[in-house]
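K.L.:
Could you have a look at this structure, given as structure tokens, before my questions?
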Amino acid sequence: VTVNRDLLIKYINAITESEKKIPGFVGITEFPEPINSFTKGVMASDILTFFPLAQDKEEMSWGVTANLLLNREAIGCFRFQEHVFPISMASSE
């Protein structure tokens, strides 16, 4: 994985240039060209569909967590909590 040296600077600029309280920013995540049959298969499977979406979309309702910045102040007390998710059979025994 190669991270751009100015990644945090770009996020800071996006935050300061924003006129509204945005809950988060989705960054671009790119993959290298496939080099063997396995990586060609991964690319062909379309499993990486969501990674480049931030290049073309101004707003997104969901983002890949590989490059995601969340604004704790903007999302407030909304957090993932245990009681929100269904209880599995294993945990109910």
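Quick note, the sequence shown lines up with residues 1 to 93 if you use our numbering. Cβ coordinates follow ideal geometry from the N, Cα and C atoms, glycine included.
#1: Under 8 Å, do L68 and G27 count as touching if we go by C-beta distance?
#2: My output table needs one value for G24: the three-state DSSP class, helix, strand or coil.
#3: Classify I12 as helix, strand or coil using the three-state DSSP reduction.
#4: Whose C-beta lies closer than 8 Å to the C-beta of V42 among residues of the same chain, with five residues either side of it excluded?
#5: Under 6 Å Cβ to Cβ from A66, same chain only, skipping five residues before and after it: list those, please.
#6: Can A14 and F31 be called in contact, C-beta distance under 8 Å?
#7: For E73 and S37, what's the separation of their Cα atoms in angstroms?
#8: Shortest alpha-carbon distance to E58 belongs to which of S18, D6 and G76?
#9: Taking buried to mean at least 16 other C-beta atoms within 10 Å of its own C-beta, is G63 buried or exposed?
P.N.:
The structure says:
#1: On the sequence shown, position 68 is the one that residue 68 refers to. On the sequence shown, position 27 is the one that residue 27 refers to. Yes, Cβ-Cβ distance for L68 and G27 is below 8 Å.
#2: For the purposes of this step, residue 24 is taken as the residue at position 24 of the sequence shown. Here G24 sits in strand by DSSP.
#3: What you label residue 12 is simply residue 12 of the sequence shown in a count that begins at 1. I12: helix per DSSP, three-state reduction.
#4: Here residue 42 refers to the residue found at position 42 of the sequence shown. For V42, where only same-chain residues beyond five positions count, the Cβ hits under 8 Å are P34 and L48.
#5: On the sequence shown, residue 66 is found 66 positions in, with the first residue counted as 1. Same-chain partners within the cutoff: T29.
#6: As a working note, residue 14 is residue 14 in the sequence shown. As a working note, residue 31 is residue 31 in the sequence shown. It is not a contact, given that the beta carbons lie outside the stated cut-off.
#7: What you label residue 73 is simply residue 73 of the sequence shown in a count that begins at 1. What you label residue 37 is simply residue 37 of the sequence shown in a count that begins at 1. The straight-line gap from Cα to Cα measures roughly 45 Å.
#8: The residue you call residue 58 lines up with position 58 of the sequence shown. Among S18, D6 and G76, the Cα nearest to that of E58 is on S18.
#9: Here residue 63 is taken as the residue at index 63 of the sequence shown, counted from 1. The Cβ neighbour count for G63, taken over all protein chains shown within 10 Å, is at least 16; the residue is labelled buried.
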